[in-house]
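Remarks on the structure that follows.
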Amino acid sequence: RIMEVPLFIAARANDVSAIQKLLKCHSVDPFEKGVMGETALHIAALYGSYEVATILLEEVPDLINVPATSELYEGKTALHIAVANENIHLVKELINRGADVASSRATGIFFRRSEKNFIYYGEHVLSFAACVGNKEIVQFLIENGADIKAQDYLGNTVLHHLALHARRYTAQMYDFILSLDPERGNPVETITNNNGLTPFKLAALEGNVQLFQHLMRKRKRQIEWFFKPISATFYDLSGIDSWDDDHSVLDLVICSNEVEALKILNLPPIKALIHFKWNRYGKYYFRTIALFYFIYIIIFTSCCIFRPLIPRRDNVTDPRDTQILEEAPLNLCYTSNGDYIRLVGEIISVFGAIAILLIESADILRYGTAGYFGKTVLGGPFHVI
Numbered sequence: 001r002i003m004e005v006p007l008f009i010a011a012r013a014n015d016v017s018a019i020q021k022l023l024k025c026h027s028v029d030p031f032e033k034g035v036m037g038e039t040a041l042h043i044a045a046l047y048g049s050y051e052v053a054t055i056l057l058e059e060v061p062d063l064i065n066v067p068a069t070s071e072l073y074e075g076k077t078a079l080h081i082a083v084a085n086e087n088i089h090l091v092k093e094l095i096n097r098g099a100d101v102a103s104s105r106a107t108g109i110f111f112r113r114s115e116k117n118f119i120y121y122g123e124h125v126l127s128f129a130a131c132v133g134n135k136e137i138v139q140f141l142i143e144n145g146a147d148i149k150a151q152d153y154l155g156n157t158v159l160h161h162l163a164l165h166a167r168r169y170t171a172q173m174y175d176f177i178l179s180l181d182p183e184r185g186n187p188v189e190t191i192t193n194n195n196g197l198t199p200f201k202l203a204a205l206e207g208n209v210q211l212f213q214h215l216m217r218k219r220k221r222q223i224e225w226f227f228k229p230i231s232a233t234f235y236d237l238s239g240i241d242s243w244d245d246d247h248s249v250l251d252l253v254i255c256s257n258e259v260e261a262l263k264i265l266n267l268p269p270i271k272a273l274i275h276f277k278w279n280r281y282g283k284y285y286f287r288t289i290a291l292f293y294f295i296y297i298i299i300f301t302s303c304c305i306f307r308p309l310i311p312r313r314d315n316v317t318d319p320r321d322t323q324i325l326e327e328a329p330l331n332l333c334y335t336s337n338g339d340y341i342r343l344v345g346e347i348i349s350v351f352g353a354i355a356i357l358l359i360e361s362a363d364i365l366r367y368g369t370a371g372y373f374g375k376t377v378l379g380g381p382f383h384v385i
């Protein structure tokens, strides 16, 4: 399609003289769009044609914020493309000429998060810059009005997007953006997305071990004692321990589909927390539940073994049969002391089954059906039995 539109051909080739002649021609529409809803300025930004882009901005200034209109790339502006390509000169040129850095949103299918889409940089130009790791562009965008707290359709901020991309520069970019936050009242790292997750928790869920470990170090507090060789290290466990948070780091790691997330359980503070909780509470809870369940199974099995049976009243058809038993009628089921003892066991079996069902249902609601039956760490398929 590019080769069919002269304006697009000139923009791709960075042909200054051709673009100038075409713009002077009355039959040429500078706002003409291709099959993807792109304009000549989009093409110039895509192929790094800086000189042509400058001429287009001078001659047709209204092109600067025109978005792509196709379903795939809807909302994408030339600034999005320049930022993604790390073309700092074109980024500065666009912003200096009035490009919208705050409200432009790339909302097309290509920019949405899905299993088939490997590129999810959000919707805002700032998250694009952060995900490609260009500090110079990030700083320039923030200085010119980019909103650090802007959220996309999933509620993710620029810090959430960094948590989703496990790259070597992620931790440094995270701190760099925080240092540029103009507002100190409500920190951007406390903002939650639509799933109720902060960037810290999202890093745990996605198995971004590097960023998670970096953020854990920021929670670390070292205390020196009067006796110099001895020191103590304290960590802020808010959002990590499961005692006061249904979306705690421990819960998220256990339910995560990412194998890398399990490595977080071996990090020093998390491993120490799990060890402490097991020794202080977990093993006693496990032993108590196991004991009650063992007793319950014994009672249930005994009730089945000693269920009331009487000899079959009709004729025996096989001469080899010595005794055939059948279920006793209700009026003969509870006539002796042994029968009443069995009745107590049957009542315990029924109410025990109801209690187990309620406990299991609560966990299903908490972790979801797929997580509850699919995660080995939560019991997996054993629950079906």
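No gaps in the numbering here: position 70 of the sequence shown is 70 in full-length UniProt numbering, and each next residue is one more.
We put the CB at the ideal spot given by N, CA and C, even for glycine.
Length of the line joining the Cα atoms of residue i and residue j
i, j, result
"residue 173", "residue 63", "31 angstroms"
"residue 34", "residue 118", "24 angstroms"
"residue 196", "residue 204", "13 angstroms"
"residue 76", "residue 106", "5 angstroms"
"residue 372", "residue 282", "19 angstroms"
"residue 270", "residue 264", "7 angstroms"
"residue 328", "residue 336", "14 angstroms"
"residue 239", "residue 286", "24 angstroms"
"residue 72", "residue 277", "49 angstroms"
"residue 70", "residue 142", "28 angstroms"
"residue 206", "residue 148", "22 angstroms"
"residue 98", "residue 253", "44 angstroms"
"residue 188", "residue 115", "27 angstroms"
"residue 191", "residue 300", "51 angstroms"
"residue 355", "residue 308", "26 angstroms"
Identified DSSP bridge partners for residue i
i, result
"residue 309", "327"
"residue 114", "117"
6 angstroms Cβ shell around residue i - same chain, five flanking residues per side excluded
i, result
"residue 100", "65"
"residue 113", "120"
"residue 135", "176"
Three-state secondary structure (DSSP) of residue i
i, result
"residue 271", "helix"
"residue 174", "helix"
"residue 363", "helix"
"residue 303", "helix"
"residue 155", "coil"
"residue 31", "coil"
"residue 148", "coil"
"residue 36", "coil"
"residue 194", "coil"
"residue 67", "coil"
"residue 257", "coil"
"residue 205", "helix"
"residue 105", "coil"
"residue 124", "coil"
"residue 7", "helix"
"residue 166", "coil"
"residue 12", "helix"
"residue 75", "coil"
"residue 250", "helix"
"residue 86", "coil"
"residue 278", "helix"
Cutoff 7 angstroms; reference residue i; Cβ partners in own chain excluding five residues on either side
i, result
"residue 48", "85 and 87"
"residue 251", "242"
"residue 83", "91, 125, 128, 129 and 137"
"residue 247", "196, 197 and 201"
"residue 58", "none"
"residue 8", "2, 34, 40 and 43"
"residue 109", "71 and 72"
"residue 156", "122 and 193"
Cβ-Cβ distance between residue i and residue j below 9 angstroms
i, j, result
"residue 56", "residue 19", "yes"
"residue 130", "residue 94", "no"
"residue 78", "residue 41", "yes"
"residue 178", "residue 159", "yes"
"residue 345", "residue 303", "yes"
"residue 212", "residue 273", "no"
"residue 39", "residue 13", "no"
"residue 139", "residue 170", "no"
"residue 145", "residue 102", "yes"
"residue 53", "residue 11", "yes"
"residue 310", "residue 326", "yes"
"residue 154", "residue 193", "yes"
"residue 26", "residue 50", "no"
"residue 166", "residue 32", "no"
Same chain, Cβ closer than 8 angstroms to residue i, neighbours up to 5 away in sequence not counted
i, result
"residue 341", "none"
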